[in-house]
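Numbering (mature numbering (1 follows the signal peptide of the UniProt record, and there is no 0)), first residue to last: -22 to -1, 1 to 883. In this text, a Cβ means the ideal position worked out from N, Cα and C, and glycines have one as well. This structure is a prediction, so every number in the text was calculated from the model and none was measured.
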């Protein structure tokens, strides 16, 4: 029969061939099941299409129904693999090529597996197997194929996932097909060992269910982790998603031999390459992580390894001493040789000497140094509380960061001084509204009998030559005829002989001891300029409260000022609730002048107490960094706030903001304080939309835009906000502040638009001089624009006072329907005037958008027809970004579309 012919041909080939294993390790030979399982698979050797012998297991019981033939492997160890692949190669006879076979003939077979930790199972129940798949042939063969010895081999691959036991058994079930199982290959995949970013990743078996396996890499020799190196092993055996890396250790770099060569170094693992040793240092061995300093040079512990080695500085030069009774001021020039460093500081040693200048001893704790005795960053110090008529010796040392590392003597210079005497003056009592009584003690060593005292005083705002001289033999004097609310400067003089002339012109041979101070009679509160103080630090102590730095918690940086960073944070004072504050800090490396200018703002601000003036909480001056603490204004500067909320407020809300600013300026004006830089950028807004005047610095950058300030003799002026007389003659008064307030009004109503748009400073000055004034912003009530024009009167005496401005705005707020709403022109009012225009330039001028003429021209809009269908996106491209201006232009475009060249404005 055909069946027997086919089987005999296989059998002949089997008998003529030598036995060969068909399963490479670690696969195990297939094992027939026990005889109790139906008809069995048969082991036969045949020839493939290349006449190569191959060993097969075959079954072909197609003539009998109800077949259930099983073939099972031995135990296969999974070796840690969770996902295993099975590749089978087989041949299958086409049922149609077998004549007379019943309808139960199959052209498929089933594949199963069973997980087990037992490697010696002989019998496994059929129900215990898990089915992998039903296998069908892509190509089957017929009787003719066998005769022609053409073997059509099929290859199928299946996989098993999530294996967890030591191994498994494979089984094949035939249900009535004519098949030959040629080979079974069992394998798993892994990601091969690799090195990436100086990290080695080992052979890694892939995960189950296509999951990625995370693998931690190990840094190769002479490298260390910069960020934990990781990669993911994919299901197909490829490495994916490299994360992190290793870097070469100090002294190593990435090249063929890795180590730094002599004369170079690498201090940090984060450095990419070895670099040449910095000046005055060297390395003689390979793999150096730093270079050793030459003899006489040093590197401080805090210095970076890349910094050149340095040495201590030479001595200070050009010392000058100024004696004022028992106070000595010492000044000097920096050392000629700084040692190559910029961290020069100075320290002083004080010794008091006897009359023969031989016996000297330390001065003791009674002597005070201002600002300090050690660690001075400026070349000046004032020594107070010295004994009168005594000899002192001061040694001034110059130091830097390596002075303590050097065995050589420090650079120092010695200064010898002799002190004199002083008179202490106190305000004893106020006798009446226009008089006070002063008292003082005589000098400890008068050098003779005191004949009389002189009291010399003058008004602070008057010239010093307009002084008054009063004489007395007593230690008490009453000064009459003073003006309430007026500040006076007083000079006291004591003499051993009668003095009849001004002390600065007194004849030689007389001994004078004097003390200058400022006093003010009670009355209306008046602003005191910090520059009237001989000691600016005293002004800070008088007007600003010192805050312990531990009470402040800085949270985040919100900006940068001229002197340093501006942060927000919290202030918690004993017995008070915690509040939000703004913190201005003085940047490191400041000069003494910068410190004085920085703290002068606190000296000014501390004199003000008004709900529309930024409130000073206190200062930190006794430790670094020096800080000014003010209340925190959540919405920042007014100009930026308005730009962010363009068109979102009612007219009454805007008037309320303006009223607050005017109220704060009235308070400052009443105190005789002139702001000089009133602008929306210097107004701060809190969460309740309360506006407060700020920026009281004596030295400040007026604007980020260098074109916004006009430099004249005496400093910079913000041209767009400054009155004509202040620009021309530097005549700053409350009236010039009123002019600036008018500009602020225009900024507020226009939602932060730039005054005079893109006009240059010179064009602004010329236009104002010729009578030009800013037009009313869009939707601005007539009454508000008229108030702006009043503020911009050329004659300063014709401008309103801030008190009058507050009164006017109060009327507007109380009666908005009368003063504001009735003044707004209706957009549908047929009486609204129209202008006949024929060009784009005329149209823009008519709608008061003339500042955009060049923008339209550059974009190609040169005829009225071309602008009829302009869009917001095109306006943005032309830098027309203000929402109010966009609305006004588009509204006018609609008018052009319906009315032609007659534009309603």
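Requested in this report: Would you kindly report the start and end of the unbroken beta strand (DSSP E) that includes residue 111?
Outcome: Along the chain shown, one-based indexing puts residue 111 at 133. Looking at the DSSP string, the run of the beta strand (DSSP E) that includes residue 111 is 108 to 114.
Query raised in the report: Using the C-alpha atoms, what's the distance from residue 509 back to residue 584?
Result: If you number the chain shown from 1, residue 584 lands on position 606. If you number the chain shown from 1, residue 509 lands on position 531. So the two alpha carbons sit approximately 15 Å from each other.
Query raised in the report: Which residues in the same chain as residue 346 place their Cβ atom closer than 8 Å to its Cβ, once the five residues preceding and following it in sequence are excluded?
Result: Stepping through the chain shown from its first residue, residue 346 is reached at position 368. Within the same chain, Cβ atoms closer than 8 Å to the Cβ of residue 346 are found at 361, 362 and 363, the five residues on either side in sequence being excluded.
Requested in this report: Identify whether residue 97 lies in helix, strand or coil by the three-state DSSP scheme.
Outcome: As a working note, residue 97 is residue 119 in the chain shown. In the three-state reduction of the DSSP assignment, residue 97 falls in the coil class.
Requested in this report: Quick one: measure Cβ to Cβ for residue 698 and residue 733, integer angstroms, because I've assumed they're closer than 8 Å.
Outcome: The residue labelled residue 698 in the question sits at position 720 within the chain shown. The residue labelled residue 733 in the question sits at position 755 within the chain shown. With a Cβ gap of about 4 Å, residue 698 and residue 733 count as contacting.
Query raised in the report: Relative to the C-alpha of residue 712, which residue among 550, 775 and 569 is closest?
Result: Translated into the one-based positions of the chain shown, residue 712 becomes position 734. For residue 712, the closest of 550, 775 and 569 by C-alpha to C-alpha distance is 775.
**Report entry** Environment of residue 527 [buried if 16+ CB atoms lie within 10 Å]
**Finding:** To locate residue 527, count along the chain shown from 1; it is residue 549. It is exposed - the Cβ of residue 527 has fewer than 16 other Cβ atoms within 10 Å.
Query raised in the report: How about residue 722 and residue 639: do their beta carbons lie closer than 9 Å?
Result: Reading the chain shown from its first residue, position 744 is the one you call residue 722. Reading the chain shown from its first residue, position 661 is the one you call residue 639. Yes, these two residues count as a Cβ contact at 9 Å.
Query - Same chain, Cβ closer than 6 Å to residue 604, neighbours up to 5 away in sequence not counted - result: Numbered from its first residue, the chain shown carries residue 604 at position 626. Excluding sequence neighbours, residue 604 sits near 564.
Query - Proximity winner among 95, 178 and 303, relative to residue 143 (alpha-carbon distances) - result: By one-based count along the chain shown, residue 143 stands at place 165. Considering only alpha carbons, the answer is 95.
**Report entry** Span of the beta strand (DSSP E), counted from its first residue to its last, around residue 369
**Finding:** Taking the chain shown and counting its residues from 1, one reaches residue 369 at position 391. Segment 369 to 377, the beta strand (DSSP E) holding residue 369.
Query raised in the report: Under the three-state reduction of DSSP, which class applies to residue 57: helix, strand or coil?
Result: What you label residue 57 is simply residue 79 of the chain shown in a count that begins at 1. Secondary structure of residue 57 (DSSP, three-state): coil.
Requested in this report: Measure from the alpha carbon of residue 525 to the alpha carbon of each residue in 695, 736 and 549, then state which is nearest.
Outcome: Start at 1 with the first residue of the chain shown, and residue 525 comes out as number 547. Looking at the Cα atoms, 549 is the closest of the given residues.
**Report entry** Proximity to residue 367 [Cα-Cα], best of 612, 204, 224 and 302
**Finding:** Translated into positions along the chain shown, residue 367 becomes position 389. Ranking 612, 204, 224 and 302 by Cα distance to residue 367 puts 302 first.
Query raised in the report: Ends of the alpha helix (DSSP H) at residue 769?
Result: If you number the chain shown from 1, residue 769 lands on position 791. Annotation: the continuous alpha helix (DSSP H) that includes residue 769 extends over 760 to 769.
Report task. Can you tell me which of the three DSSP states residue 219 falls into? Result -> Taking the chain shown and counting its residues from 1, the one referred to as residue 219 is at position 241. Here DSSP, grouped into helix, strand and coil, assigns residue 219 to strand.
**Report entry** Minimum C-alpha distance to residue 516 - residue among 557, 457 and 580
**Finding:** Working through the chain shown from its first residue, we reach residue 516 at position 538. Out of 557, 457 and 580, the CA that lies nearest to the CA of residue 516 is found in 580.
Query raised in the report: When you compare only the Cα positions, how much space is there between residue 843 and residue 590?
Result: On the chain shown, position 865 is the one that residue 843 refers to. On the chain shown, position 612 is the one that residue 590 refers to. So the alpha carbons of these two residues sit roughly 51 Å apart.
Query raised in the report: For residue 262, which residues of its own chain have a beta-carbon under 6 Å away from its beta-carbon, when the five flanking residues on both sides are left out?
Result: The residue given as residue 262 occupies position 284 in the chain shown. In its chain, beyond the 5 residues on either side, 240 have a beta carbon closer than 6 Å to the beta carbon of residue 262.
**Report entry** Delimiting residues of the alpha helix (DSSP H) encompassing residue 210
**Finding:** Against the chain shown, residue 210 aligns to sequence position 232. It is not in any alpha helix (DSSP H) - residue 210 instead sits in the beta strand (DSSP E) that spans 201 to 211.
Query raised in the report: Should the segment 79 to 88 be called in touch with the segment 148 to 161, which here means at least 3 C-beta pairs below 8 Å?
Result: Contact between the segment 79 to 88 and the segment 148 to 161 is present: three or more C-beta pairs spanning the two stretches fall below 8 Å.
Query raised in the report: Between which two residues does the beta strand (DSSP E) containing residue 163 stretch?
Result: The sequence position of residue 163 within the chain shown is 185, counting from 1. For residue 163, the enclosing beta strand (DSSP E) has its first and last residue at 157 to 165.
Query raised in the report: Count the other CB atoms within 10 Å of the CB of residue 103; is the residue buried (16 or more) or exposed (fewer)?
Result: As a first step, residue 103 must be located in the chain shown, where it is residue number 125. Classification of residue 103: exposed, given that the 10 Å Cβ count is below 16.
Query raised in the report: With distances taken from CA atoms, which of 63, 759 and 101 is nearest residue 110?
Result: Along the chain shown, read from residue 1 onward, the residue named residue 110 stands at position 132. The option with the nearest alpha carbon to residue 110 is 63.
Report task. Taking all protein chains shown into account, decide if residue 744 is buried (16 or more other Cβ within 10 angstroms of its Cβ) or exposed. Result -> Within the chain shown, the letter at position 766 stands for residue 744. With fewer than 16 other Cβ atoms within 10 Å, it is exposed.
Query raised in the report: Does DSSP put residue 132 in a helix, in a strand, or in coil?
Result: Here residue 132 corresponds to residue number 154 of the chain shown, with the count starting at 1. DSSP, read as helix, strand or coil, puts residue 132 in strand.
**Report entry** Contacting residues, own chain, Cβ-Cβ under 7 Å from residue 192 (five flanking each side not counted)
**Finding:** Mapped onto the chain shown, residue 192 falls at position 214. Taking C-beta separations shorter than 7 Å and ignoring five residues to either side along the sequence, the partners of residue 192 in its chain run 208 and 210, following chain order.
Query raised in the report: On the premise that residue 544 lies in contact with residue 537, defined as a C-beta separation below 8 Å, what is that separation, rounded to the nearest angstrom?
Result: Within the chain shown, residue 537 is the residue found at index 559, counting from 1. Within the chain shown, residue 544 is the residue found at index 566, counting from 1. Indeed, because the Cβ distance is near 4 Å, the residues count as touching under 8 Å.
Query raised in the report: Closest to residue 385 by CA distance: which of 848, 231, 370 and 273 is it?
Result: As a first step, residue 385 must be located in the chain shown, where it is residue number 407. Per the Cα distances, 273.
Requested in this report: Less than 8 Å between the CB atoms is what I'm expecting for residue 43 and residue 80, so what's the real figure, rounded?
Outcome: One-based indexing of the chain shown puts residue 43 at position 65. One-based indexing of the chain shown puts residue 80 at position 102. Taking C-beta atoms under 8 Å as the contact rule, residue 43 and residue 80 qualify, at a distance of about 6 Å.
Query raised in the report: alpha helix (DSSP H) containing residue 638: first to last residue?
Result: Locating residue 638 in the chain shown gives position 660, counting from the first residue. Per DSSP, residue 638 is one residue of the alpha helix (DSSP H) stretching across 629 to 648.
Report task. Consult DSSP for residue 150 and reduce its assignment to one of helix, strand or coil. Result -> Working through the chain shown from its first residue, we reach residue 150 at position 172. Looking at residue 150 - three-state DSSP - the assignment turns out to be strand.
**Report entry** Simplified DSSP state of residue 719, which is helix, strand or coil
**Finding:** The residue labelled residue 719 in the question sits at position 741 within the chain shown. DSSP, reduced to helix, strand and coil, places residue 719 within a helical segment of the structure shown.
**Report entry** Close Cβ partners of residue 709 (< 7 Å) along its chain, the five nearest in sequence each way excluded
**Finding:** If you number the chain shown from 1, residue 709 lands on position 731. 703.
Query - Cβ-based neighbour list, residue 72, same chain, cut-off 6 Å, excluding 5 preceding and 5 following - result: Here residue 72 is taken as the residue at index 94 of the chain shown, counted from 1. Hits under 6 Å: 118 and 120.
Requested in this report: Just the C-alpha distance for residue 160 and residue 132, rounded to the nearest angstrom, thanks.
Outcome: Here residue 160 refers to the residue found at position 182 of the chain shown. Here residue 132 refers to the residue found at position 154 of the chain shown. A straight line joining the alpha-carbon of residue 160 with that of residue 132 spans about 9 Å.
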